[in-house]
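S.K.: Mapping to my numbering: the sequence shown position 243 is 248, numbers consecutive.
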Amino acid sequence: MTGPAATFGFRDVDASEKPGLVRGVFDRVARRYDLMNDLMSGGVHRLWKDAVAARLNPQPGETIVDCAGGTGDMARRFATMARRVQLRRGGEDARIFVIDYNAEMVAAGREKGSEPEIAWAVGDAQRLPLPDASAEAYVIAFGIRNVTDIPAALREARRVLKPGGRFLCLEFSRPVTEALQKAYDAYSFKVIPEIGARFGGDRDAYQYLVESIRRFPDQRRFAAMIGEAGFARVEFTNFTGGVAALHTGRAI
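1. For VAL231, which residues in the same chain have their Cβ closer than 8 Å to its Cβ, ignoring the five residues on either side in sequence?
2. Does the region 59-71 come close enough to the region 132-143 to have 3 or more Cβ pairs within less than 8 Å?
3. Here's the rule: buried if 16 or more other CB atoms are within 10 angstroms of the residue's CB, otherwise exposed. What is THR182?
4. DSSP has GLY254 in a bridge; who is on the other side?
5. Going straight from the alpha carbon of LEU185 to that of PRO198, what length do you get?
6. With a threshold of 6 Å on Cβ separation, who are the neighbours of ASN42 within its own chain once the five nearest residues in sequence on each side are excluded?
7. Within 10 angstroms of its Cβ, does VAL248 collect 16 or more other Cβ (buried), or is it exposed?
8. For ALA202, collect the residues of the same chain with a Cβ closer than 6 Å to its Cβ; drop the 5 residues on either side in sequence, then sort them by chain order.
9. How do the region 125-135 and the region 55-66 stand: do at least 3 beta-carbon pairs fall below 8 Å, yes or no?
10. Counting only runs that start and end within the region 159-232, where is the beta strand (DSSP E) found for 3 or more residues in a row?
11. Are ALA250 and PHE241 touching if we call contact CB-CB under 8 Å?
12. At which residue ranges does the region 39-126 contain complete alpha helix (DSSP H) runs of 4 or more residues, listed in the order of the chain?
13. For ALA138 and PHE102, I'd like the C-alpha separation in whole angstroms.
14. In chain order, what residues of the same chain lie with their CB nearer than 7 Å to the CB of ILE90, ignoring the 5 residues before and after it?
15. From which residue to which residue does the beta strand (DSSP E) around ILE145 run?
16. Could you give the residue range of the beta strand (DSSP E) that holds ALA234?
17. Quick test of your reading: THR12 and ARG220, contact by CB under 8 Å. State the CB separation rounded to the nearest angstrom.
18. Could you work out which residue in ARG150, ILE200 and VAL165 is closest to PHE15 when comparing CA atoms only?
19. Got a sec? Which residues, its chain only, sit under 8 Å from LYS167 by beta carbon, not counting five neighbours each side?
20. Which class does PHE15 belong to by DSSP, given the choice of helix, strand or coil?
21. In the DSSP assignment, what residue or residues form a beta bridge with ASP129?
22. Is THR85 buried or exposed, if buried means 16 or more other CB atoms sit within 10 Å of its CB?
23. Pull up the DSSP beta-bridge partners for THR242, would you.
24. Do the CB positions of TYR106 and ALA126 come within less than 8 Å of each other?
25. Nearest by alpha-carbon distance to ASP98: which of ALA108, MET110 and PRO121 is it?
26. If you check the beta carbons only, do LYS117 and MET79 fall under 8 Å apart?
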């Protein structure tokens, strides 16, 4: 290793190598990504995402960044919710930018159909193709742990948000009890890679995804990182006993 280190699952790799390694994982899983999420979580991920969309409460005329937006399942929720409000009280269309580092994921999302409010782009969470203070909200769901430099991505989220803009991050986290942690570990390391092998055709990709969850900071450490990036009113809400957590903040 010749440069700064980054995590790739349980391995430490040169930071310059991680983007290509992560891209390779998502190139392989893109076409079955949504199906595999349903199989691995029993559909619970949909409830978590619904809760995030409800917390965001998208409004007509807002610009929303869906970073690491993948196949667009969050963006479609936002578009539907904003349109319902628009039908009741008018206003301009919401503008939702789905930005993902992986072109295969974006292509898979586009193939599923789009909405008039949604624009798609391949881009880096650490260098978003958006001007300063241009968005009312920034959301990243199950993507921040795959970023090479997480503090840089958080600072970039702050850059594109208007003062007072909302930051929401849904990510796998730490179960709050030892019993739940043990059960979750057993499921993660024994069952999820097997599901990946049988239904996704790629055990290694899902082994990486499990390992990347374990290397991600716990709820309080990640909340501190969000605060250090320039956000105020940082809070987190545990879902399913801390298996996942929603972190929120306001740009200052």
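The beta carbon of each residue, even a glycine, is placed where N, CA and C say it ideally should be.
M.R.: Looking at the coordinates:
1. If you number the sequence shown from 1, residue 231 lands on position 226. For clarity, residue 231 is Ile in the given sequence; the question names Val instead. LEU159, PHE172, CYS174, VAL239, HIS252 and GLY254.
2. yes
3. As a position in the sequence shown, residue 182 is number 177, starting the count at 1. Exposed, because fewer than 16 other Cβ atoms sit within 10 Å of the Cβ of THR182.
4. What you label residue 254 is simply residue 249 of the sequence shown in a count that begins at 1. Its beta-bridge partners are PHE172.
5. Residue 185 sits at position 180 when you count from the first residue of the sequence shown. Residue 198 sits at position 193 when you count from the first residue of the sequence shown. Taking the straight line from one Cα to the other gives about 19 Å.
6. On the sequence shown, residue 42 is found 37 positions in, with the first residue counted as 1. Counting only Cβ-Cβ distances below 6 Å, and skipping sequence neighbours, we find HIS50.
7. For the purposes of this step, residue 248 is taken as the residue at position 243 of the sequence shown. Result: buried.
8. The count along the sequence shown starts at 1 and reaches residue 202 at position 197. Closer than 6 Å at Cβ, skipping near neighbours: ARG208.
9. no
10. 166-177
11. As a first step, residue 250 must be located in the sequence shown, where it is residue number 245. As a first step, residue 241 must be located in the sequence shown, where it is residue number 236. Yes, the pair counts as a contact, with Cβ atoms nearer than the cut-off.
12. 49-61, 78-94 and 108-116
13. Your numbering for residue 138 matches position 133 in the sequence shown. Your numbering for residue 102 matches position 97 in the sequence shown. Using only the alpha carbons, I get a separation of about 14 Å.
14. As a first step, residue 90 is located in the sequence shown; it is residue number 85 there, counting from the start. Per the sequence shown, residue 90 should be read as Val rather than Ile. Within the same chain, VAL90 has close Cβ partners GLN64 and PRO65.
15. Looking up residue 145 in the sequence shown gives position 140. Here the beta strand (DSSP E) through ILE145 covers 140-146.
16. Counting from one through the sequence shown, the residue named residue 234 turns up at place 229. Here ALA234 belongs to no beta strand (DSSP E), and DSSP marks it neither H nor E.
17. For this step, residue 12 is matched to residue 7 along the sequence shown. For this step, residue 220 is matched to residue 215 along the sequence shown. Going by Cβ atoms, the distance from THR12 to ARG220 rounds to 5 Å, so yes, they are a contact pair.
18. Residue 15 sits at position 10 when you count from the first residue of the sequence shown. Minimum Cα distance to PHE15 is reached at ARG150.
19. Position 162 of the sequence shown holds residue 167. ALA138, SER139, ALA140, GLU141 and ALA256.
20. As a position in the sequence shown, residue 15 is number 10, starting the count at 1. Shown here, PHE15 sits in coil according to DSSP, grouped into three states, outside any helix or strand.
21. Taking the first residue of the sequence shown as position 1, residue 129 is located at position 124. The secondary-structure analysis by DSSP pairs ASP129 across a beta bridge with ARG132.
22. Looking up residue 85 in the sequence shown gives position 80. Per the 10 Å Cβ criterion, exposed.
23. What you label residue 242 is simply residue 237 of the sequence shown in a count that begins at 1. According to DSSP, which records beta bridges pairwise, THR242 is partnered with LEU251.
24. Taking the first residue of the sequence shown as 1, we reach residue 106 at position 101. Taking the first residue of the sequence shown as 1, we reach residue 126 at position 121. For TYR106 and ALA126, no; Cβs fall outside 8 Å.
25. Taking the first residue of the sequence shown as position 1, residue 98 is located at position 93. Closest option to ASP98, Cα to Cα, is PRO121.
26. For the purposes of this step, residue 117 is identified with residue 112 of the sequence shown, where counting begins at 1. For the purposes of this step, residue 79 is identified with residue 74 of the sequence shown, where counting begins at 1. It is not a contact, given that the beta carbons lie outside the stated cut-off.
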